[in-house]
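Visitor:
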Amino acid sequence: MTSTRLPGKVLADVAGEPMLALLLRRLSLARCVGAIVVATSEDPADATIAELALELGFGVHRGSLQDVLGRMAGAAAGHEGPVVRITADCPLTDAQTVDDVVGLLQAHPGAAYASNIEPRTYPDGLDVEVLPASVLRELDATVADPHEREHVTLHLRRRPQRWPPLSLPCEVPGIADLRWTVDTQEDLDFVRALVSRLGDARHSAGLGEMLTAARWRGAT
Numbered sequence: 437m438t439s440t441r442l443p444g445k446v447l448a449d450v451a452g453e454p455m456l457a458l459l460l461r462r463l464s465l466a467r468c469v470g471a472i473v474v475a476t477s478e479d480p481a482d483a484t485i486a487e488l489a490l491e492l493g494f495g496v497h498r499g500s501l502q503d504v505l506g507r508m509a510g511a512a513a514g515h516e517g518p519v520v521r522i523t524a525d526c527p528l529t530d531a532q533t534v535d536d537v538v539g540l541l542q543a544h545p546g547a548a549y550a551s552n553i554e555p556r557t558y559p560d561g562l563d564v565e566v567l568p569a570s571v572l573r574e575l576d577a578t579v580a581d582p583h584e585r586e587h588v589t590l591h592l593r594r595r596p597q598r599w600p601p602l603s604l605p606c607e608v609p610g611i612a613d614l615r616w617t618v619d620t621q622e623d624l625d626f627v628r629a630l631v632s633r634l635g636d637a638r639h640s641a642g643l644g645e646m647l648t649a650a651r652w653r654g655a656t
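See below:
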């Protein structure tokens, strides 16, 4: 809720529901997901985020506003296995992409990190990061730099020799420059129009359906 460029964006209306609700309902369709926990802050402004998540039946963990790594580790406490990180400004993240990135990590025993963000081949806004719970706990226990704690996986991504990354390439070429994240009013207007175009498929639509809707919008 404390976004400087677009305050309150997480709860902004998108096709009749809060943007966060849209994202959570889309993520709940991932086959690999055992539980979804919203890791928000203890800032009073974020109380409505926690209330919405609980109302929708999802877990909530609240922690420091700036220490996002600590929040994520707290949200995953007691969990073993892969932990998926999705940011709330990526409401179009789809279940299949989540399953694919988790599958990539699981196909490489001992791997510490998998994503679809580096190198960028997916639209900006379909970002999925996955790491074992043990690696998340190690980062939480050892990373001291506030900037790296705020950006969760930055410490790990800066040290590929220590944690070799796995990258999931997009099967659709030439779409890496598309912007589907929500940081500005223009971004929000685009997502609203695209989701409206998806209609009843707004929760289940995968990349192909969204690209069709985006092309209708003149986004490609």
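So for the sequence shown, this note's numbering puts the first residue at 437; every next one is plus one.
We put the CB at the ideal spot given by N, CA and C, even for glycine.
If you're wondering where the values come from, they're calculated on a predicted model, not measured in any experiment.
Would you kindly check if the distance between the Cβ of V564 and the Cβ of I522 is under 9 Å?
Guide: Their beta carbons are under 9 Å apart, which means I522 touches V564 by this criterion.
Visitor: Shortest alpha-carbon distance to V504 belongs to which of D576, L458, G644 and L630?
Guide: Among D576, L458, G644 and L630, the Cα nearest to that of V504 belongs to D576.
Visitor: Please look up how many angstroms separate the CB atoms of V571 and L541, rounded, as I've assumed it's under 8 Å.
Guide: Contact doesn't hold; Cβ gap of about 10 Å is too wide.
Visitor: Does the pairing of the stretch 484-492 with the stretch 450-470 give three or more beta-carbon distances under 8 Å?
Guide: The stretch 484-492 vs the stretch 450-470: in contact.
Visitor: Is the separation between the beta-carbon of V519 and that of A550 shorter than 9 Å?
Guide: Contact flag unset, no.
Visitor: So is L585 buried or exposed if we call it buried at 16+ other beta carbons inside 10 Å?
Guide: Correcting the residue type first, residue 585 is Arg in the shown sequence and not Leu. R585 is buried by the Cβ-count criterion.
Visitor: Would you call T578 buried or exposed, if buried means 16 or more other Cβ atoms sit within 10 Å of its Cβ?
Guide: Classification for T578: exposed.
Visitor: Quick one: grab the DSSP three-state call for G506.
Guide: If DSSP states are grouped into helix, strand and coil, G506 belongs with the helices.
Visitor: Note down, in chain order, each residue of its chain lying with its Cβ closer than 8 Å to the Cβ of E478, except the 5 sequence neighbours on either side.
Guide: Same-chain partners within the cutoff: R498, G499, S500 and L501.
Visitor: Please classify D449 as buried or exposed, where buried requires at least 16 neighbouring CB atoms within 10 angstroms.
Guide: Flag for D449 reads exposed.
Visitor: For the beta strand (DSSP E) that T476 lies in, which residues bound it at each end?
Guide: Where T476 is concerned, the enclosing beta strand (DSSP E) stretches over V473 to S477.
Visitor: For I443, name the three-state secondary structure that DSSP assigns.
Guide: As written in the sequence, residue 443 is Pro, which differs from the Ile given in the question. Correct three-state label for P443: coil.
Visitor: Does the beta-carbon of P559 have 16 or more other beta-carbons within 10 angstroms, so that it is buried, or is it exposed?
Guide: So P559 ends up on the buried side.
Visitor: In the DSSP assignment, what residue or residues form a beta bridge with A550?
Guide: Answer is V566 and L602, bridged to A550.
Visitor: L590 and R598 - do their beta-carbons sit closer together than 9 Å?
Guide: Not closer than 9 Å, so no.
Visitor: Taking 9 Å as the threshold (C-beta atoms), are F626 and R615 in contact?
Guide: Yes. Within cutoff.
Visitor: Confirm, please, whether the CB-CB distance from L624 to L442 is below 9 Å.
Guide: In this structure, L624 lies closer than 9 Å to L442 by Cβ.
Visitor: Return helix, strand or coil for G452, following the three-state DSSP convention.
Guide: Of the three classes helix, strand and coil, the one that applies to G452 here is coil, per DSSP.
Visitor: Three or more C-beta pairs under 8 Å: does that hold for the stretch 509-516 against the stretch 527-546?
Guide: Short answer: they don't touch.
Visitor: Out of V534, R461, P555 and G539, state which residue places its alpha-carbon closest to the alpha-carbon of D613.
Guide: The option with the nearest alpha carbon to D613 is P555.
Visitor: Taking Cβ positions, are T557 and G642 nearer each other than 9 Å?
Guide: No; because the gap between Cβ atoms is not below 9 Å, this pair is not in contact.
Visitor: For G452, I'd like the list of residues in its chain whose CB is within less than 6 Å of its CB, leaving aside the five on either flank, ordered along the chain.
Guide: Taken in chain order, the list of residues that qualify is empty.
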